[in-house]
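**Q**
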Amino acid sequence: MTNLQTQMERMLPDVELRFDEPMHKHTSLRIGGGAEVMAFPKNRDELSKILKVSALLDTRPAILGAGTNILAPDQGIPGVVVCLKDSLDGMEQLDETRIRVLSGVTMTRAAVFAAKLGLSGLEFAHGIPGTVGGGVYMNAGAYGGEIRDVCREVELMDREGNVFTCKGEDMDFSYRHSCVQDNGAIVISAVFGLTPKDSQQIKDRMKELMGKRSASQPLDLPSAGSAFKRPQGGYASALIDGAGLRGFQVGQAAISEKHTGFAVNLGGATAQEMEQLLKTVSDRVYAASGIRLEPEIRIWTGNR
11 MTNLQTQMER MLPDVELRFD EPMHKHTSLR IGGGAEVMAF PKNRDELSKI LKVSALLDTR
71 PAILGAGTNI LAPDQGIPGV VVCLKDSLDG MEQLDETRIR VLSGVTMTRA AVFAAKLGLS
131 GLEFAHGIPG TVGGGVYMNA GAYGGEIRDV CREVELMDRE GNVFTCKGED MDFSYRHSCV
191 QDNGAIVISA VFGLTPKDSQ QIKDRMKELM GKRSASQPLD LPSAGSAFKR PQGGYASALI
251 DGAGLRGFQV GQAAISEKHT GFAVNLGGAT AQEMEQLLKT VSDRVYAASG IRLEPEIRIW
311 TGNR
């Protein structure tokens, strides 16, 4: 055991810790080596303890939700990774229009919960594989809807373990961005303001959107969703297709044949191959169109 592993085990005896836990088990790309320490807090108190102990041990934890937008390095992650998916778990109805959802709940589960209550506004989130925490972090969106449209309040924890709240209008939401990316806080829960509507109509809309996803996206292969951010005045998929890169491969990392906006793992792809794929595609699109594509996938390095 490393010194960090020994110390974490001694100082956090009641927290679930896994040592050298393969990141590929926790990322949708199915790529990544072992995390030196992966912690699974059952509640906000345990999360606060993890952060405080990590500070004492001079290590800054990386925060992981469902890992649906992460490319983890082949050599693994030194230090601590805190996994919140299925750890900070819970949903409740606050009043006739609002629900509170903890950050470890998937976006799909939150959308289904709202639909059962006859509350509309999260239909776009049905089928987004990430967690609510990750959705708030990056202002996730699809089919014309975004988190910022419905987010009324966010409960956050700073890196010292202190909890505070932030109104939705103060979250600095923009395209695939929130203030959490800048201030390093961790999403604990979010309150969504929704609109009463017939439950069956909501479910029908979610079914319609899921059908569109299945028809157009490579859901049968590991991916991280859209590989590149949408450039101004166009779509990444059209630019990639225009550059003749449909199906382009670097090792077992490839641009999807089904949807050129997706980078997929054909089986056994490495982080190095996927990173090279993204770089090459960006370079070739720039050469063909003069537009530089930026990865939407968050590339973690050995030191994050």
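The sequence shown begins at 11 in this note's numbering and counts up one residue at a time. In this text, a Cβ means the ideal position worked out from N, Cα and C, and glycines have one as well.
Would you say I309 and L166 are within 7 Å of each other, going by their C-beta atoms?
**A** no
**Q** By Cβ distance below 7 Å, which residues in the same chain neighbour A237 in space, the five residues on each side in sequence not counted?
**A** Here A237 has G271, F272, A273, L288, P305, E306, I307 as same chain residues with Cβ atoms under 7 Å from its own Cβ, once five neighbours each way along the sequence are excluded.
**Q** Can you name the start and end residues of the beta strand (DSSP E) that K239 belongs to?
**A** Careful: K239 lies outside any beta strand (DSSP E) and carries neither H nor E.
**Q** For the candidate residues R215, S38, M181, M21, whose alpha-carbon lies nearest to that of M279?
**A** In the sequence as displayed, the identity of residue 279 is Ala instead of Met. Cα-wise, what sits closest to A279 is S38.
**Q** With DSSP as the reference, please indicate the residues paired to E26 in a beta bridge.
**A** F50
**Q** Please confirm if the stretch 294–302 is in contact with the stretch 248–267, defined as three or more CB-CB distances below 8 Å between the two stretches.
**A** yes
**Q** Any contact between the stretch 195–204 and the stretch 121–136? By contact I mean 3 or more CB pairs, one from each, below 8 Å.
**A** Note that the stretch 195–204 touches the stretch 121–136; at least 3 beta-carbon pairs, one per stretch, sit closer than 8 Å.
**Q** In whole angstroms, give me the CA-to-CA distance for G89 and T16.
**A** 12 Å
**Q** If you run the structure through DSSP and keep just helix, strand and coil, what is R20?
**A** If DSSP states are grouped into helix, strand and coil, R20 belongs with the helices.
**Q** What runs of the beta strand (DSSP E), each 3 residues or longer, lie entirely inside the stretch 92–171?
**A** 101–103, 108–112, 161–167
**Q** Quick check on L61: does DSSP put it in helix, strand or coil?
**A** helix
**Q** Should the stretch 55–72 be called in touch with the stretch 171–179, which here means at least 3 C-beta pairs below 8 Å?
**A** They touch, by the three-pair rule.
**Q** So, at 7 Å on beta carbons, what are the nonlocal neighbours of D182 in its own chain, with the 5 sequence-adjacent residues on each side left out?
**A** S188, C189
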